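Notes to accompany the following structure.
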Amino acid sequence: MGDRIVSRFGRELVDFNIKTIGYRNAELPTLGIAIANTLNCMLGTGEEYSQDNEENIAEEIHFGMTFSSVSVTYETDNRRYIHKDFLNREECVKAVIGDDTDGVILVINAEEGITSDIREQVEFVRQAGVNYLSVFADNCHLIEDYDELENLGSEICELLDMYGYCGEDTPVVYGSLKEALDDPEGEWGEKLLELMENMDYAVPDPEKDTDKPFLMPVEDVFVITGRGIVATGRVETGVIKLNDRVELVGFGSSNRTVTVTGIEMFRKLMDSAEPGDNIGLLLRGVEKAEVKRGHVITRFGAHKEYNKFTAVVYFSDTEFMKQLAAGVKTDFQMRTVLIAGEISASADKINCSGKYAQVTVELTESVAMNNGMFFAVRNVGIGRITEVL
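Residues 111 to 499 (our numbering) are what the sequence shown spells out, left to right.
What follows is the structure, given as structure tokens:
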């Protein structure tokens with residue numbers, strides 16, 4: 111915000127937050143960079159990216175561990191995609207919470223086929239509430255037998271059906287990142303355009319809860335010299351307008367009201383923001399020490415903070431489940447913040463064979479939460495709140 115803003119934001123395109131899961135070739139740029147550069151070369155849209163450009167590489171903390179991710183933005187005729195690739199995808203796929211993700215692209219190595227790691231990732235994102243995905247089969251330039259690709263397609267269809275996706279209706283693109291990067295205007299570059307066409311038309315636009323009260327989880331906080339405090343995050347529900355009075359909720363901050371004096375997205379000024387927007391809010395009446403990651407900014411009185419709830423949790427680690435009857439102290443990812451707490455369950459609520467348990471969680475700090483909200487249990491589970499207590 112400030113002198114660097116040169117224009118106002120328009121809504122000609124739908125904003126869509128996307129993440130990549132599955133196989134990744136560490137020697138090649140990420141899928142997001144490959145797509146952005148292909149669109150730039152073939153359609154002249156957006157900008158060209160480099161994986162070595164530190165401006166695109168962000169460090170994020172999940173479950174007490176720091177991971178690097180590559181974030182790029184690119185446009186098709188219908189959407190503006192905010193695409194994030196975690197460089198350590200095996201762990202970070204567990205941090206993909208449904209409220210934060212509109213869709214995913216599953217990448218499968220055509221030479222390897224469907225591995226146990228691929229199965230685990232698909233199962234996890236399904237449990238995290240991600241309802242839509244597209245599939246990209248990589249390294250297809252190395253497959254000479256067409257029957258192999260046909261068999262892979264059948265296996266992909268069965269995999270998706272197994273975890274609650276419709277395999278028959280999910281398009282699969284058979285391509286090659288390496289070949290597309292070498293010749294983005296060739297047939298393999300066309301495959302990335304086909305992938306994005308599938309995303310545009312096969313994966314529906316995210317539903318926007320504009321009728322609900324405004325809520326934005328805070329991801330980061332900055333000081334703009336001469337202007338004030340800027341809190342960044344993604345709008346979860348509702349609409350925010352300039353000069354609205356809002357409330358900070360979490361960590362005992364309830365009833366702390368501030369005024370929104372500026373709204374920005376993609377370095378452009380806005381008069382209002384709505385669900386799905388990744389924005390910065392310029393706040394008046396608050397010091398930097400009073401707002402932090404994990405707070406939510408919401409309409410006054412619309413949300414409360416709690417530190418105890420019941421939930422149904424899907425666990426990937428059955429050994430962890432066996433300890434629940436005695437209570438386990440661990441960490442929980444609640445929207446944008448990591449909080450310590452204790453999780454427990456009575457023996458009759460634990461189904462180790464099915465990997466599900468009905469649990470009670472008590473956190474060490476209070477945060478804004480609501481029934482139906484997704485959360486993560488360190489490295490071992492994805493849960494959904496059934497009742498705040």
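We treat Cβ as the ideally placed atom computed from N, Cα and C, and that holds for glycine. Since the model is a prediction, treat every value here as computed from it, not as a measurement.
Residue ranges of each alpha helix (DSSP H) within the stretch 206 to 236, 4 or longer
none
Discussion item. What does the Cβ neighbour count give for residue 213, buried or exposed, with the cut at 16 atoms within 10 Å?
Written reply: buried
query = Any idea which residues DSSP pairs residue 248 with across the strands?
reply = Looking at the DSSP output, residue 248 bridges to 219.
Short of 8 Å in beta carbon distance, which residues of its chain neighbour residue 331, apart from the five on each side in sequence? Order them along the chain. 339, 340, 341, 342, 398, 401, 402, 403
Practice item. Taking the CB atoms as reference points, tell me whether residue 215 and residue 128 lie closer together than 8 Å. Key: yes
Please confirm whether residue 238 and residue 419 have their CB atoms less than 8 Å apart. Not in contact: residue 238 and residue 419 (Cβ atoms no closer than 8 Å).
(Q) If distances are taken between C-alpha atoms only, which option among 302, 409, 219, 311 comes closest to residue 188? (A) 311
key: 6 Å Cβ shell around residue 244 - same chain, five flanking residues per side excluded   = A distance below 6 Å between beta-carbons, with the five flanking residues on each side excluded, links residue 244 to the following residues of its chain, in chain order: 215, 308, 309.
- request: Ignoring anything shorter than 3 residues or poking outside the stretch 424 to 486, list the beta strand (DSSP E) runs there in chain order.
  value: 438 to 444, 447 to 454, 466 to 478
- Item | Cβ neighbour criterion (16 or more within 10 Å) applied to residue 160 | Of the other Cβ atoms in all chains shown, fewer than 16 fall within 10 Å of the Cβ of residue 160; this residue is therefore exposed.
**Report entry** Nearest neighbour of residue 413, chosen from 439, 494, 326, 126 [CA to CA]
**Finding:** 326
Exercise. Taking only the alpha-carbon atoms, compute the straight-line gap between residue 449 and residue 153 and give it to the nearest angstrom.
Key: 45 Å
- prompt: So, helix, strand or coil for residue 367, using DSSP?
  reply: DSSP places residue 367 in strand when its eight states are reduced to three.
- Query: For residue 300, which of helix, strand or coil comes out of DSSP?
  - Reply: Correct three-state label for residue 300: helix.
Three-state secondary structure (DSSP) of residue 352
coil
**Study point:** Contacting residues, own chain, Cβ-Cβ under 6 Å from residue 470 (five flanking each side not counted)
**Key:** 420, 454
Secondary structure at residue 322, three-state DSSP: helix, strand or coil? coil
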